[in-house]
Structures are given as structure tokens and as C-alpha cells.
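Colleague: Right, I'll just put the structure down here and ask away after.
In mature numbering (1 follows the signal peptide of the UniProt record, and there is no 0), the protein residues as written are -16 to -1, 1 to 66.
Rendered as C-alpha cells:
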């Protein structure tokens, strides 16, 4: 989880106020970004990224600036565990 959180934070940190990320309710296994993007578009997301190490697809949408991103939520969760 920490690796995923840091990856999302680094990859989307600059755009953190504009991007919302979500692992779909039914997790998609993926092997590449185009496959993940296609799966995400079927469930009404704008984009998707395949994390090769986890083989998990994370879907993304542009969102309201005040909304927390998945990266922010994961980082907050990690800090609260410590």
C-alpha cells in the first residue's frame, strides 16, 4: 500500500487538486495501460493506469478541487497507522 500511495503521490502530486483516482469496486487485473484505460472507460472513468507490480488497474477522473485524491487518502491512512 505504501508503494502504491507513494507512486500515486509522485505521479499525480502536481495535479492532485484536479485528479481523483479510484480502484474499481471490482478490481481489474491488467498488464498494460491501454488495457486498463479501456476497462476504466467501460465503467465511466476518463483514464486508467496499470501498476505492473500489483497488476492492478487504477481508474481516474477529473474531480472537484476540494475532493481528496486517492493518493492523499492513502498517505493519510499510512500516517494514522504509525
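Quick reminder that beta carbons are idealized off the backbone N, C-alpha and C, glycines included.
Counting along the chain, where does the beta strand (DSSP E) carrying residue 31 start and finish?
Modeller: It spans 31 to 35 - the beta strand (DSSP E) in which residue 31 sits, taken as one unbroken run.
Colleague: State the Cα-Cα distance for the pair residue 61 and residue 44, rounded to the nearest angstrom.
Modeller: Taking the straight line from one Cα to the other gives about 20 Å.
Colleague: Is it buried or exposed, residue 64, if we count other Cβ atoms within 10 angstroms and call 16 or more buried?
Modeller: So residue 64 ends up on the exposed side.
Colleague: Going by beta carbon distance, what residues of the same chain come within less than 7 Å of residue 20, once the five residues before and after it are set aside?
Modeller: 12, 14, 32, 33, 34 and 41.
Colleague: So, under 8 Å CB-CB, residue 46 and residue 57 are touching, yes? Tell me the CB distance rounded to an integer number of Å.
Modeller: With 8 Å as the limit, residue 46 and residue 57 do not qualify as a contact, their Cβ atoms being about 17 Å apart.
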